[in-house]
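Enquirer:
2 protein chains.
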Amino acid sequence: MEIIHSSKEIQNRMIAARAEGKRIGFVPTMGALHTGHIALAEKVRPDCDILVLSIFVNPLQFGPSEDLDKYPRTLESDAEKAQAAGVDIIFAPSPREMYPQGFETTVSCGSITTRLEGAARPGHFDGVTTVVLKLFNIVQPHVSVFGQKDAQQVLVIRRMVEDLSIPVELDILPTVRESDGLAMSSRNAYLTSEERLQGPIIQRGLLDAQEAWNRGERNAEQLRKIVLNCYAQSSLMTTEYVSVADYSCVELSGEISSEVLLSVVCRTAVSQTRLIDNSIMKLLD
Amino acid sequence: MEIIHSSKEIQNRMIAARAEGKRIGFVPTMGALHTGHIALAEKVRPDCDILVLSIFVNPLQFGPSEDLDKYPRTLESDAEKAQAAGVDIIFAPSPREMYPQGFETTVSCGSITTRLEGAARPGHFDGVTTVVLKLFNIVQPHVSVFGQKDAQQVLVIRRMVEDLSIPVELDILPTVRESDGLAMSSRNAYLTSEERLQGPIIQRGLLDAQEAWNRGERNAEQLRKIVLNCYAQSSLMTTEYVSVADYSCVELSGEISSEVLLSVVCRTAVSQTRLIDNSIMKLLD
């Protein structure tokens, strides 16, 4: 496995690889690799000839009061994990490599980016789509994998890929969880041990709503209330939002006749960690 | 020569061509092909295996009060001219093909797009960069040619290509002119015969400034005045702007120590045609 820092170097090599008929798989990450990232790499490994994983803590997608500076950077242990997962090349550019002096271009995906995480984190999705498009141009992947854990991010990237006719397949993997149900996240490292113990409540709220849905509950307000009631049991988390929305992230109300993206954000009391999770509630045929 | 309307069809073919090692050249146009467009095609023809010319009157780059509806659409004669110039494939999508229901993505290149033509035509350059990026993704060119006639457009597209690491070479060709010096433009077809007779004045103003520059004139206000004095001789044109700017399209004042983009816009009195032209004034070494 190689680690490449230069975008020009990896781009030239990937263009040459494509011209030789090689199939390129790509896992974009911000590093601090956990089992969820590794699952993405292992999923796409058999589906490509060259597997590239990028590690870049993208300043554009962090707000001014967010955790850009303290976000974990662990390239050495990341490299070991990536190699074990079959990654061929780690692309690890510096911020200056990605955004040289004079950089001013933004890719923006419209109304969906103003809702939910976009409302809570203004500019976040513009930062995501701008860096992902640039990474696609540099790495030239045939297929790129993303985790369902960032459900709205998946929807936004789908919007971009479709709107701009980007020739890449998106492969979306279910959220990987700790044994007690907490969604894997690099930010879990911020949690105090007491907060960590309460982590599973986040998924429990989603499962409560899913059970109600399976029993036939279709009222948006009721479904929201079920999740909120569950989260009220936690002494170490406040609920930032519980969203019952359609696939454009438009909030639903009353009786629901479409499939639902149920997404939640909790913030822990001590470490002030923002934890996100979601589930899709499908219509039964 | 073929005419293809489906973006998926041409994209699949160009990806396959790339994988076979073919070099793809690309000339994006809005049709109504004139000698300037043909010069672009002929320039890139020896430099590629497959030459694609797109014809798409892009609604995104027209303002609400602009000439989108009356912009000339002449596919049949365009096809003849393109074939004679050695074009292999015309890509002629419909607006619905390029912007299906739900399309919401915008590519925006920052401060340069707010100046000059961007100030005069709000949103124009976002429309240009969005469509050009999408066309690049569809056509997959190794090299794409643009005319220096749209000087700011060239600078904006360079910004986008650099910022987003788009793997395409840009080849910029000098403005092609009628025998009397009027820059070729599809919009020249709007001119009345009296307006057409005064057309050469636009270039004359640029040449007057260039002569003064060559004699050592470096004062920005003086250079502007020389152009304006020339245009004051025309009874059938008003001057929308005369810009003496740097390559970021920032207006210069006082003594100039950088290279200059001198760009002008005139509007004719009867047909209300907007005519643009420009020249680069280089520092003598």
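Protein sequences, first through last, are from chains B and Z.
Heads up: the first sequence begins at 22 in our numbering, then just goes up one per residue.
Heads up: the second sequence begins at 22 in our numbering, then just goes up one per residue.
Virtual Cβ for every residue (Gly too), placed ideally from N, Cα, C.
Note that the coordinates shown come from a computational prediction; the quantities given were computed from them, not determined experimentally.
Give the C-beta separation of B:Pro221 and B:Gly202 to the nearest angstrom, bearing in mind that I take them to be a contact with Cβ-Cβ under 8 angstroms.
Expert: Going by Cβ atoms, the distance from B:Pro221 to B:Gly202 rounds to 4 angstroms, so yes, they are a contact pair.
Enquirer: Could you name each continuous beta strand (DSSP E) segment of 3 residues or more that falls completely within the segment 38-83 of chain B, going from the start of the chain to the end?
Expert: Counting whole runs of 3 or more residues, the segment 38-83 of chain B contains the beta strand (DSSP E) stretches 45-50, 71-76.
Enquirer: Which whole runs of the alpha helix (DSSP H) in the segment 71-147 of chain Z are 4 residues long or more, in chain order?
Expert: The qualifying runs are 96-105, 116-119, 138-141.
Enquirer: Please give me, in chain order, every unbroken run of the beta strand (DSSP E) with length at least 3 that falls completely inside the segment 173-216 of chain Z.
Expert: The segment 173-216 of chain Z contains these whole beta strand (DSSP E) runs: 190-194.
Enquirer: Under a Cβ-count criterion, where at least 16 other Cβ atoms within 10 Å of its own Cβ denotes burial, should B:Ser98 be classed as buried or exposed?
Expert: Classification for B:Ser98: exposed.
Enquirer: Would you mind telling me which residues of chain Z sit closer than 7 angstroms to B:Gln82, beta carbon to beta carbon, in chain order?
Expert: None at all; the shortest Cβ gap to chain Z is about 16 angstroms.
Enquirer: Check the Cβ-Cβ distances between B:Ala40 and every residue of chain Z, and say whether any is below 8 angstroms.
Expert: Yes, because at least one Cβ of chain Z sits closer than 8 angstroms to the Cβ of B:Ala40.
Enquirer: Going by DSSP, what residues sit across from Z:Tyr252 in a beta bridge?
Expert: Answer by DSSP bridge pairing: none, since Z:Tyr252 is not bridged.
Enquirer: Report the neighbours of B:Pro116 on chain Z: residues whose CB is nearer than 8 angstroms to its CB, in chain order.
Expert: Correct list: empty, because the minimum Cβ distance to chain Z is about 14 angstroms.
Enquirer: At 8 angstroms on the CB atoms, spell out the chain Z contacts of B:Lys155, in chain order.
Expert: Within 8 angstroms Cβ-Cβ: Asp184, Leu185, Ser186.
Enquirer: Near Z:Tyr211, which residues of its chain fall below 7 angstroms by C-beta distance, leaving aside the five closest residues on each side in sequence?
Expert: Answer for Z:Tyr211: Ser292, Thr294, listed in chain order.
Enquirer: I'd like to know if the segment 129-141 of chain Z and the segment 125-138 of chain B are in contact, where contact means that at least 3 CB-CB pairs between them fall below 8 angstroms.
Expert: Output reads yes: the segment 125-138 of chain B touches the segment 129-141 of chain Z.
Enquirer: Within the same chain, show all residues whose beta-carbon is closer than 6 angstroms to that of Z:Gly57, passing over the 5 residues directly before and after it, in chain order.
Expert: Hits under 6 angstroms: Gly168, Val197, Met205.
Enquirer: Give the DSSP-derived three-state secondary structure of Z:Arg295 in the structure shown.
Expert: If DSSP states are grouped into helix, strand and coil, Z:Arg295 belongs with the strands.
Enquirer: Is there contact here, the segment 48-68 of chain Z with the segment 262-279 of chain Z, by at least three beta-carbon pairs under 8 angstroms?
Expert: Too few Cβ pairs lie closer than 8 angstroms, so no.
Enquirer: How do the segment 83-91 of chain B and the segment 240-250 of chain B stand: do at least 3 beta-carbon pairs fall below 8 angstroms, yes or no?
Expert: No, the segment 83-91 of chain B does not touch the segment 240-250 of chain B.
Enquirer: Kindly give me the distance between the Cβ atoms of Z:Arg66 and Z:Gly107, rounded to whole angstroms, as I take these residues to be in contact under 8 angstroms.
Expert: With a Cβ gap of about 4 angstroms, Z:Arg66 and Z:Gly107 count as contacting.
Enquirer: Going by CA-CA distance only, name the one from Z:Gly148, Z:Trp234, Z:Asp298 that's closest to Z:Gln224.
Expert: The residue with the shortest Cα to Cα distance from Z:Gln224 is Z:Asp298.
Enquirer: If you compare alpha carbons, which of Z:Asp171, Z:His163, Z:Arg179, Z:Gln174 is closest to Z:Pro188?
Expert: Answer by Cα proximity: Z:His163.
Enquirer: Give the residues from the segment 121-146 of chain B that approach chain D closer than 9 angstroms (Cβ to any Cβ), ordered along the chain.
Expert: The chain labelled as chain D is not found among the protein chains of the depicted structure, namely B and Z.
Enquirer: Is the shortest distance between the beta-carbon of Z:Met51 and the beta-carbons of chain B less than 8 angstroms?
Expert: Not closer than 8 angstroms to any Cβ of chain B, the Cβ of Z:Met51 fails to qualify, so no.
Enquirer: Using a C-beta to C-beta distance shorter than 7 angstroms, which residues of chain Z count as neighbours of B:Arg180?
Expert: The answer, in chain order, is Glu125, Thr126.
Enquirer: Please say whether Z:Val166 and Z:Leu61 have beta carbons closer to each other than 8 angstroms?
Expert: Yes, the pair counts as a contact, with Cβ atoms nearer than the cut-off.
Enquirer: Going by the DSSP bridge assignment, what does B:Ile222 pair with across the sheet?
Expert: Paired residues: none, contrary to the question.
Enquirer: Hey, would you say Z:Ile110 sits closer than 8 angstroms to Z:Ile31, going by beta carbons?
Expert: Yes.
Enquirer: Could you check where the beta strand (DSSP E) with B:Arg288 kicks off and where it finishes?
Expert: First-last of the beta strand (DSSP E) with B:Arg288: 281-289.
Enquirer: Quick one: give me the first and last residue of the beta strand (DSSP E) that Z:Tyr262 is part of.
Expert: Start and end: 258-266.
Enquirer: Determine the DSSP secondary structure at B:Met35, reduced to helix, strand or coil.
Expert: Helix, per DSSP.
Enquirer: Please list, in chain order, the chain Z residues whose beta carbon lies closer than 8 angstroms to that of B:Ser28.
Expert: Ser186, listed in chain order.
Enquirer: Measuring CB to CB, does Z:Leu283 end up less than 8 angstroms from Z:Met302?
Expert: It is a contact, given that the beta carbons lie within the stated cut-off.
Enquirer: Determine the extent of the beta strand (DSSP E) in which B:Glu23 is found, giving its start and end residues.
Expert: Unbroken beta strand (DSSP E) run through B:Glu23: 23-25.
Enquirer: Expressed to the nearest angstrom, what Euclidean distance is found between the alpha-carbon atoms of Z:Ala241 and Z:Gln174?
Expert: Cα to Cα, Z:Ala241 sits roughly 22 angstroms from Z:Gln174.
Enquirer: Rounded to a whole number of angstroms, what is the C-alpha to C-alpha distance between B:Arg117 and Z:Asn235?
Expert: Answer to the nearest angstrom: the Cα atoms are 39 angstroms apart.
Enquirer: Rounded to a whole number of angstroms, what is the C-alpha to C-alpha distance between B:Ser255 and B:Cys287?
Expert: Whole-angstrom Cα-Cα distance: 10 angstroms.
Enquirer: Please state whether the Cβ-Cβ distance between Z:Asn158 and B:Leu185 is less than 8 angstroms.
Expert: Yes. Within cutoff.
Enquirer: Against chain Z, does B:Asn158 count as a neighbour if the rule is that its beta carbon must be under 8 angstroms from one of theirs?
Expert: It does: the Cβ of B:Asn158 has a partner Cβ on chain Z nearer than 8 angstroms.
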